[in-house]
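*Asks:*
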Amino acid sequence: KVIYGPIRAKDLAAFLDAGLKATPEMRRKTFTVIERAVLAPGEFVAAMKFGVFILPIFFFLGGLGGPGDYWMNAWNHGLFAVQALLWAILVGAVLTPVLLPFLPGRAFSFKGFFLGVVAAIILLMIRVGHFSTPAGLLETLGCLFMVPAVAAYLAMNFTGCSTYTSLSGVRKEMRLALPLEIAAGSLGVVLWAGSRFLA
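Numbering (this note's numbering), first residue to last: 366 to 564.
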């Protein structure tokens, strides 16, 4: 005879004390905001393993072109790109998991994309004075593509941590979302890099 224990390890003691009888709560897997928030730091650290190499590249490339000297341009344009990518990482790896049930759409990538668009709009509002030049317009458009793409990709990664996604559903989402994320992210990088040549 097979006896099935509780889902959570912390319920094992109570399960054994009750004579191997599980309560309905022991059979139910929850995915509360606290349980999601606990997983978010791991997602953030995993993303930053790549970020620590990519962010400095954007910072130093930001010093090329512009009205000031190299370091002034780097602090202005390079730091803005770093800020935008950090926002994208925070939105995709932290905010999307925490706010998961409150975001529109079923696909994790769409939820991350939605928050990424919100973050990009906020960033563009901060940089509203830079729209007047072709270089500034390309820079802001680049962030408008990069931030949602990165956020959507990182949010899609969270499917592996969830309690209700299926393998077939994840594969379907990746087939649809991944090419779009790559295309939008690549376009964003090209636009941002182009802004450095026009500056």
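C-beta: ideal position from N, C-alpha, C; glycine also.
Note down, one range per segment and in chain order, each alpha helix (DSSP H) of at least 4 residues found wholly within the region 389-452.
*Replies:* You should have 389-392, 398-426, 435-438.
*Asks:* Taking 8 angstroms as the threshold (C-beta atoms), are Gly443 and Ala433 in contact?
*Replies:* Per the sequence shown, residue 433 should be read as Gly rather than Ala. Not in contact: Gly433 and Gly443 (Cβ atoms no closer than 8 angstroms).
*Asks:* Scan the region 452-501 and note each continuous alpha helix (DSSP H) run of 4 residues or more that stays entirely inside, going in chain order.
*Replies:* Segments of the alpha helix (DSSP H) lying fully in the region 452-501: 473-491.
*Asks:* Would you call Met437 buried or exposed, if buried means 16 or more other Cβ atoms sit within 10 Å of its Cβ?
*Replies:* With fewer than 16 Cβ atoms within 10 Å of its Cβ, Met437 is classed as exposed.
*Asks:* Our contact map puts Pro513 next to Val555 with C-beta atoms below 8 angstroms; I'd like the distance itself, whole angstroms only.
*Replies:* That belief does not hold up - the Cβ atoms of Pro513 and Val555 are roughly 16 angstroms apart, past 8 angstroms.
*Asks:* Could you check how far apart the C-beta atoms of Ser551 and Ala520 are, in whole angstroms? I think they sit under 8 angstroms.
*Replies:* With 8 angstroms as the limit, Ser551 and Ala520 do not qualify as a contact, their Cβ atoms being about 19 angstroms apart.
*Asks:* Identify, in the order they occur along the chain, each residue of the same chain with its Cβ nearer than 8 angstroms to the Cβ of Ala405, setting aside the five sequence neighbours on each side.
*Replies:* Ala458, Val459, Pro462, Val463.
*Asks:* Could you please give the first and the last residue of the uninterrupted alpha helix (DSSP H) stretch that includes Gly553?
*Replies:* Per DSSP, Gly553 belongs to the alpha helix (DSSP H) from 532-563.
*Asks:* DSSP state of Ala383, grouped into three classes?
*Replies:* Coil at Ala383, not helix or strand.
*Asks:* Could you check the C-alpha separation between Leu451 and Gly416 for me, to the nearest Å?
*Replies:* About 8 angstroms.
*Asks:* Verify whether the separation of the beta carbon atoms of Thr524 and Val515 is less than 8 angstroms.
*Replies:* Against a cut-off of 8 angstroms, the Cβ pair of Val515 and Thr524 comes out as no contact.
*Asks:* Just how far apart, CA to CA, sit Cys356 and Ala449?
*Replies:* Absent from the model: residue 356. The displayed extent of the chain is 366 to 564, so no value can be given.
*Asks:* Hey, is Gly430 close to the ligand ZN, as in C-beta under 7 angstroms from one of its heavy atoms?
*Replies:* Annotation note on the ligand ZN: not contained in the displayed structure, which lists no ligands.
*Asks:* What did DSSP end up calling Val515 once you bin it into helix, strand or coil?
*Replies:* Helix at Val515.
*Asks:* Measure the Cβ-Cβ separation of Gly430 and Phe562 and say whether it is below 8 angstroms.
*Replies:* Contact flag set, yes.
*Asks:* Determine the burial state of Gly470: buried for a count of at least 16 other Cβ atoms within 10 Å of its Cβ, exposed for fewer.
*Replies:* Exposed, because fewer than 16 other Cβ atoms sit within 10 Å of the Cβ of Gly470.
*Asks:* Less than 8 angstroms between the beta carbons of Phe396 and Ser527, yes or no?
*Replies:* Going by C-beta atoms, Phe396 is nearer than 8 angstroms to Ser527.
*Asks:* Can you list, in chain order, the residues of its chain with a C-beta nearer than 7 angstroms to that of Arg401? Leave out the 5 residues immediately preceding and following it.
*Replies:* Around Arg401: Pro462, Val463, Leu465.
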